[in-house]
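J.:
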Amino acid sequence: MLEVNLPGLRLKNPIIPASGCFGFGKEYAGFYDLSCLGGIMIKATTNEARFGNPTPRVAETSAGMLNAIGLQNPGLEHVLKHELPWLEQFDTPIIANVAGSQVEDYKEVAEHISKAPNVHALELNISCPNVKTGGIAFGTDPAMAADLTKAVKEVSAVPVYVKLSPNVANITEIAKAIEAAGADGLTMINTLVGMRLDLKTGRPILANKTGGLSGPAIKPVAIRMVYEVSQAVQIPIIGMGGVQTAEDALEFLLAGASAVAVGTANFVNPFVCPEIIEQLPRVLRQYGFQSVSECIGRSWKHEKQPAHHRA
Amino acid sequence: MLEVNLPGLRLKNPIIPASGCFGFGKEYAGFYDLSCLGGIMIKATTNEARFGNPTPRVAETSAGMLNAIGLQNPGLEHVLKHELPWLEQFDTPIIANVAGSQVEDYKEVAEHISKAPNVHALELNISCPNVKTGGIAFGTDPAMAADLTKAVKEVSAVPVYVKLSPNVANITEIAKAIEAAGADGLTMINTLVGMRLDLKTGRPILANKTGGLSGPAIKPVAIRMVYEVSQAVQIPIIGMGGVQTAEDALEFLLAGASAVAVGTANFVNPFVCPEIIEQLPRVLRQYGFQSVSECIGRSWKHEKQPAHHRA
Amino acid sequence: MKKAHLTVQSNSEIADQIYKMVLKGELVRHFTEPGQFLHLKVSDAVTPLLRRPLSIADVDFAVNEVSVIYRTDGEGTRLLSEKKEGSMIDVLGPLGNGFPVRRIEPGKTALLVGGGVGVPPLQELSKRLTEKGVNVIHVLGFQSAKDVFYEQECLAYGDTYVATADGTYGEKGFVTDIIREKQLEFDVLLSCGPTPMLKALKQQYGHKEVYLSMEERMGCGIGACFACVCRTGESDTSYVKVCLDGPVFKAEEVAL
Amino acid sequence: MKKAHLTVQSNSEIADQIYKMVLKGELVRHFTEPGQFLHLKVSDAVTPLLRRPLSIADVDFAVNEVSVIYRTDGEGTRLLSEKKEGSMIDVLGPLGNGFPVRRIEPGKTALLVGGGVGVPPLQELSKRLTEKGVNVIHVLGFQSAKDVFYEQECLAYGDTYVATADGTYGEKGFVTDIIREKQLEFDVLLSCGPTPMLKALKQQYGHKEVYLSMEERMGCGIGACFACVCRTGESDTSYVKVCLDGPVFKAEEVAL
Ligand SMILES: Cc1cc2nc3c(=O)[nH]c(=O)nc-3n(C[C@H](O)[C@H](O)[C@H](O)COP(=O)(O)OP(=O)(O)OC[C@H]3O[C@@H](n4cnc5c(N)ncnc54)[C@H](O)[C@@H]3O)c2cc1C
Ligand SMILES: Cc1cc2nc3c(=O)[nH]c(=O)nc-3n(C[C@H](O)[C@H](O)[C@H](O)COP(=O)(O)OP(=O)(O)OC[C@H]3O[C@@H](n4cnc5c(N)ncnc54)[C@H](O)[C@@H]3O)c2cc1C
Ligand SMILES: Cc1cc2nc3c(=O)[nH]c(=O)nc-3n(C[C@H](O)[C@H](O)[C@H](O)COP(=O)(O)O)c2cc1C
Ligand SMILES: Cc1cc2nc3c(=O)[nH]c(=O)nc-3n(C[C@H](O)[C@H](O)[C@H](O)COP(=O)(O)O)c2cc1C
Ligand code: FES
Ligand code: FES
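Residue numbers (full-length UniProt numbering), protein chains in the order written: chain X, 1 to 311; chain D, 1 to 311; chain F, 1 to 256; chain G, 1 to 256.
(1) Any chance the CB of F/Tyr70 is under 6 Å from a heavy atom of ligand 1?
(2) Identify, in the order they occur along the chain, each residue of the same chain with its Cβ nearer than 7 Å to the Cβ of D/Thr264, setting aside the five sequence neighbours on each side.
(3) Count Cβ pairs between the region 166-181 of chain G and the region 59-75 of chain G that sit closer than 8 Å; are there 3 or more?
(4) By a C-beta neighbour count over all protein chains shown, 10 Å radius and 16 as the cutoff for buried, is D/Lys163 buried or exposed?
(5) DSSP state of X/Asn266, grouped into three classes?
(6) With hydrogens ignored, establish whether the beta-carbon of G/Lys241 is closer than 6 Å to any heavy atom of ligand 3.
(7) State the CB to CB distance for the pair residue 315 of chain D and D/Tyr287, rounded to an integer number of angstroms; the pair is presumed to be in contact (CB under 8 Å).
(8) Please report how far the alpha carbon of D/Glu27 lies from the alpha carbon of F/Cys192, in whole angstroms.
(9) With 8 Å as the C-beta to C-beta threshold (strictly closer), list the residues of the UniProt domain "FAD-binding FR-type" (1-101) of chain F near chain G in chain order.
(10) Does the Cβ of F/Met1 lie closer than 6 Å to at least one heavy atom of ligand 5?
(11) Is the region 83-101 of chain X in contact with the region 69-77 of chain G, if contact means three or more CB pairs nearer than 8 Å?
(12) At a CB distance below 7 Å, what residues from the region 211-224 of chain X approach chain D? Give them in sequence order.
(13) Taking C-beta to C-beta, are D/Arg116 and D/Leu84 nearer than 7 Å?
(14) Indicate, with yes or no, if ligand 1 has a heavy atom lying under 6 Å from the CB of F/Gly35.
(15) Which residue comes first and which comes last in the alpha helix (DSSP H) that contains F/Ser126?
(16) Give me whichever residues DSSP pairs with G/Glu65 in a beta bridge.
(17) Any heavy atom of ligand 5 closer than 6 Å to the Cβ of D/Phe51?
(18) Report yes or no: do three or more beta-carbon pairs, one from the region 126-135 of chain G and one from the region 143-158 of chain G, lie closer than 8 Å?
(19) Does the beta carbon of X/Thr191 sit closer than 7 Å to a beta carbon anywhere in chain G?
(20) From the DSSP output, in three-state form, read off X/Thr61 for me.
(21) What does a CB cutoff of less than 7 Å around G/Glu26 pick up in its chain, not counting 5 residues either side in sequence?
(22) What's the C-alpha gap between F/Phe37 and D/Ser127?
(23) Compare the beta carbon distance of D/Gly212 and D/Asn130 with 7 Å and say whether it is the shorter of the two.
(24) What in chain X is Cβ-close to D/Glu251, meaning under 7 Å?
(25) So D/Met144 is in the alpha helix (DSSP H); what residue range does that whole segment cover?
(26) Considering X/Ile178, what are the terminal residues of the beta strand (DSSP E) in which it resides?
(27) Is X/Ala110 closer than 7 Å to X/Val152 when the C-beta atoms are compared?
(28) Interface residues of chain F around D/Thr55 at Cβ under 8 Å?
(29) Give the DSSP bridge partners of F/Ser12, in chain order.
(30) Look up F/Arg71 in the DSSP assignment and say whether it is helix, strand or coil.
(31) Quick check on this structure: which residue in F/Val175, F/Lys199, F/Leu6 has the alpha carbon closest to the alpha carbon of F/Val68?
(32) Would DSSP call F/Ser191 helix, strand or coil?
(33) Got a sec? Which residues, its chain only, sit under 6 Å from X/Gly242 by beta carbon, not counting five neighbours each side?
(34) Which residues in chain G sit within 9 Å of X/Cys273, going by Cβ to Cβ distance?
(35) Near F/Val148, what residues of its chain come up, given a Cβ to Cβ distance below 8 Å and the 5 sequence neighbours on each side ignored?
(36) Using a Cβ-Cβ cut-off of 8 Å (strictly less than) and excluding sequence neighbours within five positions of D/Ala44, which residues of its own chain qualify?
In structure tokens form, the structure reads like this:
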């Protein structure tokens with residue numbers, strides 16, 4: 001009932017921890033067996049190790065949080081030697097989040113990381129709002145996004161998903177350019193750019209000043225974008241943004257996502273992913289569905305009546 | 001301590017109910033004397049009366065709400081004959097929110113409404129996400145936004161503020177184009193485009209499908225944009241997005257706004273504007289300020305130390 | 001139209017997922033017509049953000065108490081159901097225009113038709129009408145036996161028929177079936193319930209004097225936001241606001 | 001590292017805006033070192049969203065109780081202060097690595113330096129050290145007389161000096177002034193408090209054995225999000241995580 005098959009990814013269920021919100025899995029493995037997960041999106045990897053931005057790196061907002069980690073990671077070599085081999089003990093596909101400053105950086109990381117035995121797909125991070133070069137710049141320009149996608153597709157040994165930025169006027173335009181460039185899927189959304197000031201100092205709380213807004217606050221923006229993009233492209237979408245419950249996951253499926261990633265909620269409740277997976281069958285049934293695949297895009301597939309109206 | 005002088009607007013305090021969240025004032029006049037307000041941004045006016053979108057028109061989200069009213073209003077003539085004259089009994093400047101489908105529509109409304117005796121400024125609504133033509137289309141294209149601004153400036157008898165859409169990749173680019181076109185000020189932000197699905201029907205809750213996201217959820221996005229734009233332009237900004245308390249208002253001032261509009265919060269608490277006005281002096285003092293004007297843009301005016309660090 | 005904190009006197013489940021809450025406070029004095037509603041802030045937190053509209057079911061001026069009856073549907077009503085006796089709730093009200101008791105003359109017969117959580121406002125309405133010498137007949141519609149409430153309260157004022165969609169209690173069918181089958185006679189029809197029910201009543205009895213209490217998602221609840229409009233059918237742009245002009249309308253005033 | 005609901009045994013103000021809360025539950029058994037912290041969900045609502053880190057001030061294994069001492073600073077700690085006896089709190093913990101009691105030998109003298117809400121973890125630390133036969137001296141720094149707490153508790157274990165920034169209680173000045181003026185001698189220094197204080201201590205006593213408990217804004221509290229990193233100074237990219245590797249570090253492990 002929960003299985004979903006996507007390019008490169010045979011998911012036993014549609015629930016995947018989102019990149020940057022699950023490290024390389026080690027910490028959460030202390031709470032539960034990671035094999036229960038549909039897949040794992042590991043922290044963004046760059047060719048060289050990065051420290052990221054100065055602290056403070058997080059701030060809280062109404063129903064959300066801002067982060068400006070700045071792609072801190074131990075670098076490609078370390079990820080290949082230590083993190084990925086360690087993750088092999090779990091029966092779940094890894095989606096490697098790939099970042100860089102230039103096309104060449106992305107290519108280098110993609111080429112090598114896509115050859116790791118448990119990496120079943122790449123997620124091109126062209127939407128990180130917290131780095132000065134690369135990241136979001138690629139994600140707001142359709143031509144640049146397409147070129148990067150093409151370049152990475154050439155070197156990748158596994159299907160390539162591209163992660164979209166919500167900080168654009170027209171997300172379907174970018175999505176279509178990326179599809180045309182050969183992407184196998186899309187993941188969306190990354191964070192919205194935001195800021196919070198500390199009234200006591202009069203300055204931004206985050207040392208980086210701006211940060212990426214995530215959590216329940218952004219769910220309506222994410223749902224809208226998944227709804228629009230899923231109707232404009234043929235490739236599958238992994239949806240995310242504010243998912244906290246199985247009901248939220250269902251909302252993303254109905255909007256047009258084929259699988260759902262959970263980010264910030266892992267910080268609030270380390271067990272959130274297995275709990276959603278456990279609840280999902282009941283929630284699907286409650287709303288009249290027999291399987292995940294049946295829900296996908298139901299909000300706009302008007303030719304078919306929702307299951308519980310058939311009877 | 002609370003006065004602010006802006007083009008066309010001598011505000012006794014910086015708190016203004018936001019357009020569309022206060023009707024034409026009548027309902028709130030049942031709760032308190034509107035003369036206490038810094039100003040009033042009235043509901044968008046178009047040349048002809050409009051019914052707007054079908055219902056449901058509102059939906060709730062985490063720390064926010066979606067609306068798709070669709071610029072319902074009684075039309076220019078009715079506003080000139082009934083709403084504005086009624087508002088003359090209050091000692092507070094009116095900012096008339098002007099909307100339309102084409103440049104000509106905006107010009108027509110602007111020309112006539114700007115001549116009403118109590119209209120001290122216009123607010124060009126180029127950012128409404130809930131109408132098919134006009135609205136947001138003008139707000140996401142710098143050239144179109146500039147042309148519209150120029151056209152309206154030619155016919156307006158009062159200063160023109162332009163209301164920016166947050167649904168863009170680069171808001172400073174648009175802001176600068178609008179400034180160059182002769183705008184007297186900016187107001188920001190309008191709502192983010194969002195959607196919520198009804199799990200029971202599998203369809204969007206709003207009849208219009210998408211709606212504008214407002215409320216505390218969007219405050220970090222608004223603060224970030226005010227912070228960025230206020231450093232890029234010379235004209236003043238009226239900031240808004242999720243303001244609920246005097247502390248929120250101060251955050252907007254520090255970010256670079258010269259006055260602050262309050263939208264959704266009026267629905268939650270009809271007394272929110274007078275309550276913020278009452279609290280503001282205490283909150284200013286608490287954080288070491290003697291006046292509103294002193295706070296404006298403090299988050300990025302690094303040459304001056306915040307007042308409470310001087311001592 | 002006031003804003004005040006009312007004290008929860010009691011709050012308990014009276015049918016499956018149906019709660020009755022009694023609130024006390026000075027604001028109650030401003031109540032005028034059955035069918036008016038309260039706009040409640042169910043939590044101090046920013047989520048749920050908006051107030052929730054609930055019809056006033058019953059008023060006791062002697063002790064400044066009102067009751068509301070609600071179904072725990074989503075997050076807001078669930079939070080409401082968790083309110084303990086003695087806690088305070090931020091209330092805006094009484095809002096809107098209710099059923100025009102003043103216009104219905106003694107001796108006439110009023111048919112009161114309620115569906116689901118549209119039943120509560122009929123209680124106060126029944127009380128007022130009978131006080132005035134109007135004869136009342138009630139027809140109440142529910143999904144199933146477990147959902148039925150207020151039958152006893154209604155019986156105290158006049159004949160009462162109950163229909164359930166699945167036939168597990170009373171007659172099987174819809175309220176319109178009962179009115180037809182029992183050949184109920186009346187001078188005026190007053191109704192509150194789901195839109196499809198109101199629509200059917202308007203269609204079948206629109207030639208008579210019919211008052212309908214409408215439901216629509218609300219923003220402000222006071223007429224400022226234009227969320228809750230309903231077309232009147234007069235012109236392309238003519239409308240009424242459910243919160244301010246209603247929630248009760250003459251059937252011909254609203255296009256359903 | 002467990003997640004569990006603990007029961008609030010008591011929660012009361014012990015100094016100006018400083019609260020002490022006692023929590024009870026099985027999770028307490030997993031506590032190992034003074035200086036570990038709990039990550040508390042202060043509300044079921046989505047705002048505040050993130051957990052709040054609070055140091056464990058005191059542990060009573062016999063009855064499975066821990067206490068935390070916190071200043072009501074923002075929304076989260078304000079909500080925490082409103083928790084009633086008997087209510088449940090969702091807690092993640094005990095987290096992190098505390099002060100290395102095992103490494104300090106009996107007969108040695110430990111100087112415990114606390115600033116403001118950095119004072120609480122020193123209580124359990126004092127207890128453990130004295131149990132082990134280590135001599136303890138306390139230096140506590142506060143803003144003002146009204147902020148002072150825990151002086152009595154500390155006196156039970158060893159000499160205790162209090163400094164206030166405004167001189168309204170104890171000595172006027174900072175903790176570093178006291179250490180210098182009183183010419184306090186010690187083998188190991190253990191401290192928890194605001195970063196400027198820790199920095200001053202590292203600068204002046206960094207040649208000695210110094211342990212510092214660090215504070216940083218946190219996301220996950222368990223090492224997954226990279227929010228709470230602190231540079232070690234070794235290389236451009238080397239770091240430690242306050243939540244996982246700390247919060248207590250040897251002074252030379254962290255670049256301040
Ligand atoms: C004038 C009026 C009187 C009402 N009287 C009663 C009553 O006496 N008893 C009762 O049980 N219900 C009544 N309702 C419906 C009641 O307001 C909704 O059931 C309630 O708001 C749902 O809130 P929720 O948080 O549980 O649901 P959610 O679905 O989580 O609510 C989300 C948002 O949608 C709105 N909403 C959801 N359903 C409705 C609805 N059916 N009508 C209007 N807004 C809705 C909510 O107000 C909220 O803003 C009345 C509605 C109106 C307009
Ligand atoms: C390991 C550790 C142990 C701590 N122990 C204690 C203690 O024993 N007693 C005590 O009073 N305080 C302690 N603090 C600080 C305490 O966590 C903050 O005061 C608290 O989180 C503020 O929450 P708030 O909602 O009241 O403030 P807000 O400013 O509204 O919080 C907003 C966000 O910022 C974070 N934040 C704000 N201030 C701090 C801070 N100083 N450190 C870390 N995060 C912060 C919050 O966790 C939250 O995510 C500790 C912090 C850490 C990292
Ligand atoms: C602390 C933090 C770190 C993140 N790091 C990354 C990252 O390295 N790569 C990436 O593609 N997205 C990153 N994201 C974005 C998330 O993967 C996700 O797209 C976003 O947070 C929205 O989902 P959520 O609301 O469920 O958190 C990060 C988010 C957070 C909160
Ligand atoms: C119900 C509703 C109607 C609105 N109508 C208008 C409008 O007519 N013209 C306009 O410029 N903005 C309109 N807005 C946007 C607000 O003026 C404001 O920019 C936005 O809601 C953000 O502020 P807030 O978070 O305080 O509500 C509307 C917002 C809401 C919620
Ligand atoms: S709810 Fe705002 S006008 Fe009716
Ligand atoms: S708080 Fe997440 S890594 Fe420390």
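Every residue, glycine too, gets a C-beta built ideally from N, C-alpha and C.
T.: This is what the structure holds:
(1) Because some heavy atom of ligand 1 lies under 6 Å away, the Cβ of F/Tyr70 counts as near it: yes.
(2) Within the same chain, Cβ atoms closer than 7 Å to the Cβ of D/Thr264 are found at Cys21, Met65, Ser214, Gly215, the five residues on either side in sequence being excluded.
(3) no
(4) Buried.
(5) helix
(6) no
(7) Outside the shown range of chain D, which is 1 to 311, sits residue 315 of chain D, and nothing can be said about it.
(8) 26 Å
(9) Ser43, Ala45, Val46, Thr47
(10) no
(11) no
(12) Those would be Leu213, Pro216, Ala217, Lys219, Pro220, Val221, Ile223, Arg224, in chain order.
(13) What sits at residue 116 of chain D in the sequence shown is Ala, not Arg. Cβ atoms of D/Ala116 and D/Leu84: closer than 7 Å.
(14) no
(15) 120-131
(16) G/Lys24, G/Asp60
(17) no
(18) With a cut-off of 8 Å, the region 143-158 of chain G and the region 126-135 of chain G count as touching, because enough Cβ pairs lie within range.
(19) no
(20) strand
(21) Ala4, Asn64
(22) 34 Å
(23) yes
(24) Under the 7 Å cutoff, chain X gives Leu197, Leu199.
(25) 142-155
(26) No beta strand (DSSP E) holds X/Ile178; the alpha helix (DSSP H) holding it covers 171-180.
(27) yes
(28) Glu216, Arg217, Ala227, Cys228, Val229, Cys230
(29) F/Lys20
(30) Strand.
(31) F/Leu6
(32) strand
(33) Gly215, Pro216, Ile218, Lys219
(34) Here the premise fails: no neighbours, minimum Cβ distance about 12 Å.
(35) Excluding the 5 residues flanking it on each side, F/Val148 has same chain C-beta neighbours closer than 8 Å at Ala15, Leu140, Phe142, Val162, Thr164, Tyr169, Gly170, in chain order.
(36) Ser19, Gly20, Leu71, Asn73, Asn97, Val98, Ala99, Asn125, Cys128
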